[in-house]
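One structure below.
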Amino acid sequence: MNKQIFGAAAFLILCATAAPAQAENPAHLLQLMETNNCPGCDLSGSDLSQAQLIGANLKDANLEGANLEGANLSQANLEGALLNNAILDNADLVQANLTAANLTNASLNLAYLDGAELSNVVLSDQNLLGTDFINLPEAALYSDSISPEEATSFTR
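In structure tokens:
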């Protein structure tokens, strides 16, 4: 009898963990898509790949684990945003405000950061292969993992 209860419990736990995790708040996602304005929203885990979010207000938004691959976030306000584990490969972040954003373990392969504001941004354990760091006159980037070979352009 105990083996059956244990087996049933194990099966239920397995089913619960196998379901796809979708943490974002659907109302917040709809708000972003309709208004381009979603400060403080929970968009964690959202699929925003290829999204056109030019000038979007995402100040203090939770975008942890979000897929923003190929998204156009030029001139977006991402100040204080949580972008931990986010995928920003090929994203357009030209002139975006990333002040105090947390990009821990984010992937920024071939991202465009020309003129982006990166004051107090947290950059650790992220993938920066081919990232374009052109024209960042106020940026102070400290990392043991950024090498000239990793960045396509790294000039002031």
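Position in the sequence shown (from 1) plus 904 gives the number in the working numbering. We treat Cβ as the ideally placed atom computed from N, Cα and C, and that holds for glycine.
Cβ neighbour criterion (16 or more within 10 Å) applied to residue i
i	result
Ser950	buried
Glu928	buried
Glu938	exposed
Ala925	Residue confidence is low: Ala925 scores 45 on pLDDT, short of 50, so the model does not pin down where it sits. Its coordinate-derived value is still stated next. Looking at its Cβ environment, which holds fewer than 16 other Cβ atoms inside 10 Å, Ala925 is exposed.
Where the alpha helix (DSSP H) containing residue i begins and where it ends
i	result
Ala1092	Shown here, the chain extends from 905 to 1060; a query on residue 1092 therefore has no answer.
Check whether residue i and residue j have beta carbons under 8 Å apart
i	j	result
Ala965	Gly944	yes
Ala854	Leu972	Nothing in the structure corresponds to residue 854, since the chain is present only between 905 and 1060.
Ala970	Leu982	no
Asn988	Asn1009	yes
Leu992	Leu1022	no
Gly974	Gln956	no
Close-in-space but distant-in-sequence residues of the same chain around residue i (CB under 7 Å, 5 per side omitted)
i	result
Gln979	Ile958, Gly959, Gln999 and Ala1000
Asn1024	Thr1003 and Ala1004
Same chain only: Cβ atoms within 8 Å of residue i, ignoring 5 sequence neighbours per side
i	result
Ala985	Leu962, Lys963, Asp964, Ala965, Asn966, Leu967, Leu1002, Ala1005 and Asn1006
Pro947	The sequence given here places Leu at residue 947; Pro does not occur at that position. Excluding residues within five positions, the ones whose Cβ falls inside 8 Å are Glu928, Asn929, His932, Leu933, Leu936, Leu962, Ala965, Asn966, Leu967 and Ala970.
Ala995	Leu972, Glu973, Gly974, Ala975, Asn976, Leu977, Leu1012, Ala1015 and Tyr1016
Own chain, CB closer than 6 Å to residue i, minus 5 neighbours either side, in chain order
i	result
Asn941	Asn961
Ala1077	Residue 1077 lies beyond the range of the chain shown here (905 to 1060); nothing can be said about it.
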